[in-house]
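Step one of this worksheet: look at the structure below.
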Amino acid sequence: MRRDFYATVAQVLPVLLLALVFESRHLERIGGQRRRLRREDPENGVRFWTKGRVRVYTLSVAVIVLGDVGLCVLVLAGSVPDSTPLRGFVVAGVILTLATLLFRISVDVVGATRELQTRTGSGR
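Spelled out as structure tokens, the structure:
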């Protein structure tokens with residue numbers, strides 16, 4: 028039963044990683060934006076997600092996901108013994124990935140369905 032857990036996680040996490048990094052126009056959109064903090068640019072600034080923070084967070088999630096996949100493969104190969112802390116680490120990586128994907132989807136859906144006047148900043 029536990030081998031099924033590691034095998035499933037090892038298959039699902041790369042798909043989620045692709046959804047986060049490669050199958051989204053999110054990074055392309057951010058690349059074309061000026062993302063200064065709101066205190067520097069009160070009209071168009073962002074509250075927290077500057078390009079540097081997006082870079083660090085996205086790369087951190089990618090490293091955690093790849094580490095989880097590697098650990099799952101090592102457990103399946105018999106090189107690393109199964110343990111409760113290891114399962115907790117793997118589950119935490121899955122939860123982090125799903126939460127990040129949910130946040131990204133929410134931002135994209137809200138942005139895409141926002142009324143035109145609030146997207147462009149004009150009332151017409």
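Every position in the sequence shown, counted from 1, becomes a number in my numbering once 27 is added.
Think of the CB as a built atom: it goes at the ideal place given N, C-alpha and C, for glycine as much as any other residue.
All values derive from a computational prediction rather than experimental measurement.
Looking at residue 117: is its Cβ nearer than 9 Å to the Cβ of residue 36?
Working through the sequence shown from its first residue, we reach residue 117 at position 90. Working through the sequence shown from its first residue, we reach residue 36 at position 9. Taking 9 Å as the Cβ cut-off, residue 117 and residue 36 qualify as a contacting pair.
Could you round the C-beta distance between residue 53 and residue 131 to whole angstroms and report it? I think they count as a contact, below 8 Å.
Walking along the sequence shown from the start, residue 53 turns up at place 26. Walking along the sequence shown from the start, residue 131 turns up at place 104. Sure, about 6 Å apart at Cβ, within 8 Å.
According to DSSP, is residue 107 part of a helix, a strand, or is it coil?
For this step, residue 107 is matched to residue 80 along the sequence shown. Coil, per DSSP.
Could you give the distance in angstroms between the alpha-carbon of residue 59 and the alpha-carbon of residue 78?
The residue labelled residue 59 in the question sits at position 32 within the sequence shown. The residue labelled residue 78 in the question sits at position 51 within the sequence shown. If I take the Cα positions, the gap works out to 10 Å.
Excluding the 5 residues flanking residue 149 on each side, which residues of the same chain have their C-beta closer than 8 Å to its C-beta?
Along the sequence shown, one-based indexing puts residue 149 at 122. Only weak support exists for where residue 149 lies, its pLDDT of 49 falling under 50; the value from the coordinates is given anyway. If we look at residue 149 and ignore the five residues flanking it on each side, it has no Cβ neighbours.
Using the DSSP secondary-structure output, state which residues sit across from residue 73 in a beta bridge.
In the sequence shown, counting from the first residue as 1, residue 73 sits at position 46. Residue 73 is bridged to 64.
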